[in-house]
Each structure stands twice: as C-alpha cells, then as structure tokens.
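To start, the structure under review is shown below, and the notes come after it.
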Amino acid sequence: MRIDIISVLPELVEPFMQESIVGRAQRRGLAEIHIHNLRDWSVRRDRRVDDYPYGGSAGMVLQCEPIDRCITELQGQRHYDEVIFTTPDGEQFSQPMANELSLKENIIILCGHYKGIDHRLREHLITREVSIGDYVLTGGELAAAVMADAIVRVIPGAIGDEQSALSDSFQDNLLAPPVYTRPADYRGWRVPDILLSGHEANIRQWELQQSMERTARLRPDLLKQ
Ligand code: 6GU
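Below you can see the structure in the form of structure tokens.
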C-alpha cells in the first residue's frame, strides 16, 4: 500500500518512517510512504500556507488553496481510497481502523496544524477525520506517525513472525499475556512453571486465562465490547 503524508513539518515525520518495522516494510516493498511539504504548494512568495481566522479569534488557520492544490495533484496521479485529516475532534483511531486501513491501496494523511484547516476542506476534500486520543497535540505529525506505524505493521509480512501481529493486545479485544525469556530463574524471580512444561495445549490455555484476567482487571471496558 501507499501512504502520502502532507505536513508543514515533514522533517518531523521523515526519520521515523525509515526506522523499525515501517522502514523495513518499505525496504521489503510492502509499503511506500511519501512525505510532502505543504509549503511546496503555497502560492505565496513567502511560502506561507496559513492566515488569520475570519471572525477574529486567536491562532492561525491552514488555507484552502495549498491543501487543495496538493491533494488534487496527488489525486491526478492515482486513486486514493481515503483522504484522512488528523484532528483531536475526529473519530478515535483504533486497532480495527488500523486493520481496515491496511487493506487500502492508497491513502492520504493530511496533518492538522495551528488552529486547524479551513472548514471547507473538511466538507469537500476530507473523507475521514481521525484523532489518536483525548488530548491535544501541537500538530498532526505525531498522530500521522502513530497511524502509519499501526497500519503498516499489520500488513502481512511486515512483521517477521506473521502470527505476532495477530496476537497483539487489542486484536481480539484482549490484552496480550505476559511474556518471558531466558534465564528461567533471575535473582530468584521464576518464570511460571507452565511455560517450561512443554505442554503446548496447556500453555495456550494458560495464556488465554492470563489475557482474560489482565483484561478484566486492567481494561474491563474491552470485555463489554
Ligand atoms: Cl490527530 N491531532 C492533534 N493535533 N492532536 C491530537 C490528535 C490529532 N489526536 C489526539 N490529539
């Protein structure tokens, strides 16, 4: 799949996309992430892309023209399944949304900034508005990076062990069970005997019990869904 990220701070997003699972998925040809500097579509000599809000409130607003020019140019090159705008008043990002978006061919993520973007863009160009949680970030760049990471890692082949994305917390509305590695005894802190028993079926059952117990205790809201 291809993800195009539009931002006024592309240098904030770029290094992140070269690292870790997202970077590796790109090198493996599973995902392509293109980051665009919105200022490249500014029609002003000073390359500015914002202006004062009508009505006299504080802050700056991203203008229609550069965003429309950028998105229209991209849409002239290929079809986009979604044009996503990152904003704290959007629909809450979630694992099911990451799974769904990972099946798309091409998506655009427009990073919000300042006070927001001219509302006409939201009415006419944006197909989906997404928030990553109930707190306010300075800009949508971190939100776009969070979303790109969550989307790309569920693409089959992005993670070495294909099973592991499916066994993540939240994939089945259950928190993941605890994990351990060698040594079996560290300073007297023992790995649970069951994991050393070699009884595959019993181990899977224990892990499920642990998942359910941890979910009931830490995230009872997930069990109600
Ligand atoms: Cl998507 N953007 C901003 N600016 N703040 C947020 C957010 C997005 N999601 C949570 N907080």
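When you number the sequence shown by my numbering, it's gap-free, plus one each residue, and the end is 225.
Beta carbons are placed, not taken as given, at the ideal position from N, Cα and C, and that holds for glycine.
Do you know offhand how far residue i's Cα is from residue j's?
| i | j | result |
| --- | --- | --- |
| Ile155 | Glu19 | 16 Å |
| Leu101 | Pro53 | 33 Å |
| Arg217 | Ile5 | 38 Å |
| Gly157 | Thr127 | 28 Å |
| Ser164 | Asn99 | 14 Å |
| Ile159 | Trp206 | 25 Å |
| Arg48 | Gly23 | 31 Å |
| Asp193 | Val13 | 44 Å |
Check this for me: beta carbons of residue i and residue j, under 7 Å apart or not?
| i | j | result |
| --- | --- | --- |
| Thr72 | Glu129 | no |
| Asn106 | Arg78 | yes |
| Ala145 | Phe16 | yes |
| Leu208 | Thr215 | no |
| Met1 | Ala31 | yes |
| Tyr80 | Ile108 | yes |
For residue i, count the other beta carbons within 10 Å of its own beta carbon; 16 or more makes it buried, fewer makes it exposed. Which is it?
| i | result |
| --- | --- |
| Gln229 | The question about residue 229 has no answer here: the residues shown for the chain are numbered 1 through 225. |
| Val43 | exposed |
| Pro66 | buried |
| Arg153 | buried |
| Trp41 | buried |
| Ser7 | buried |
| Ser131 | buried |
Contact the region 175 to 192 vs the region 148 to 155: 3+ CB pairs below 8 Å: Judged by Cβ distances under 8 Å, the region 175 to 192 makes no contact with the region 148 to 155, as fewer than three pairs qualify.
Under 8 Å, with one C-beta from each stretch per pair, do the region 28 to 41 and the region 86 to 95 reach the 3-pair mark? no
Do three or more CB pairs link the region 183 to 203 to the region 117 to 134 at distances below 8 Å? no
Cβ contact check for the region 106 to 116 and the region 132 to 143: 3 or more pairs under 8 Å: yes
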